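With the working numbering, letter number 14 in the sequence shown gets 1220, and the count goes up by one each step, no holes.
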Amino acid sequence: MKSVCAALKWRKTDMSKLIDAKGKNCPIPVVMAKKEIDGGLSAFTIEVDNATAVENLQRLADSQGFRTTVQSSGGIFSIDFTKAPCEPCAAANAVISQGSPSGKWSVFVGREIIGDGDPELGASLMKMFFYTLTQSDDLPASILFMNGGVKLPVHNEQIAGHLRELSSKGVEILVCGTCLNFYHLAEQLQVGTVSNMYEIVERMKQAGKVISL
1207 MKSVCAALKW RKTDMSKLID AKGKNCPIPV VMAKKEIDGG LSAFTIEVDN ATAVENLQRL
1267 ADSQGFRTTV QSSGGIFSID FTKAPCEPCA AANAVISQGS PSGKWSVFVG REIIGDGDPE
1327 LGASLMKMFF YTLTQSDDLP ASILFMNGGV KLPVHNEQIA GHLRELSSKG VEILVCGTCL
1387 NFYHLAEQLQ VGTVSNMYEI VERMKQAGKV ISL
């Protein structure tokens, strides 16, 4: 019985290990895949049951020099990871390391307003912040939205416009997918990439400093 249970959890084929991440919320599937990459696997398959996890896993693969193919059946997605040849791998890693025009700092946005005083003033200050940022020569590597902050690139047209301009200049805009789902906003995101806790923490670790609003 023990061997049967183990086989259901994962199996090895001629080419890859099978990882069962069905029913697990992001970023757990990404963390599971990254663990296999760090362990030296050059090919493996991971199964998930939601499209957001597929997108997150594909971005992980791109950043780590892997190629992916996706198959789906009955709401289950199988993502095959295969290590890319050395030259494309090096090129992909070079792009990741370059980041934005500055790459030295990041902005974390966890709410809709700046400060703890008047909400109207706080909302105005948030708009002013992003406008001022578009006029700067020293741009952040990334802007990270979580919790109530994810409402800004959804509902605030002015801030969404500033974010588009920043994105066009190379700033990475990451928006927490779990937060969007919690507020039922996943289909309304105007700008940015639906992301997860793993990616957001990684951008914080890569930054020399993180400014929290």
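Yeah, the Cβ is synthetic: ideal placement off N, Cα and C, and Gly gets one too. The structure presented is a predicted model; accordingly, all values stated were derived computationally and were not measured.
- Message: Could you compute how far the alpha carbon of P1359 sits from the alpha carbon of D1286?
- Response: 32 Å
- Message: Excluding the 5 residues flanking I1282 on each side, which residues of the same chain have their C-beta closer than 7 Å to its C-beta?
- Response: K1228, E1253, D1255
- Message: Is the separation between the beta-carbon of T1258 and that of C1232 shorter than 8 Å?
- Response: yes
- Item | Limits of the unbroken alpha helix (DSSP H) element including I1234 | 1234-1244
- Does the beta carbon of F1283 sit closer than 8 Å to a beta carbon anywhere in chain B? Of the protein chains in the structure, only one exists, and it is not chain B.
- Between the C-alpha atoms of V1397 and E1363, what's the straight-line distance to the nearest angstrom? Those two C-alpha atoms are separated by around 10 Å.
- Task: Compare the Cα-Cα distances from E1261 to each of I1365, S1401, S1418 and report the closest residue.
- Result: S1401
- Per DSSP, which residues does D1286 bridge with? Please list them. Note: D1286 is bridge-paired with T1251, T1275 in the DSSP secondary-structure output.
- Item | For D1226 and T1288, the rounded distance between their alpha carbons | 17 Å
- Query: Pairing CB atoms from the region 1320-1331 with CB atoms from the region 1344-1357, are three or more of them under 8 Å?
  - Reply: no
- Message: In whole angstroms, give me the CA-to-CA distance for T1274 and Q1264.
- Response: 7 Å
- Starting from D1268 and walking both ways along the alpha helix (DSSP H), at which residues does that stretch end? 1257-1269
- Just how far apart, CA to CA, sit S1342 and A1290? 37 Å
- Local conformation of S1342 per DSSP, three classes: coil
- Looking only at C-alpha atoms, which of S1312, V1276, S1248 sits nearest to V1377? S1312
- Candidates T1399, E1393, S1348, L1386, of which the one nearest K1411 by Cα: S1348
- Task: Have a look at L1345, F1388, F1336 and flag the residue whose alpha-carbon is nearest the alpha-carbon of I1365.
- Result: F1336
- DSSP beta-bridge partners for C1382? Beta-bridge pairing links C1382 to S1401.
- Query: For L1350, does the three-state DSSP call read helix, strand or coil?
  - Reply: strand
- Look at the Cβ atom of L1380, then the Cβ atom of L1345, and state whether they are nearer than 8 Å. In this structure, L1345 does not lie closer than 8 Å to L1380 by Cβ.
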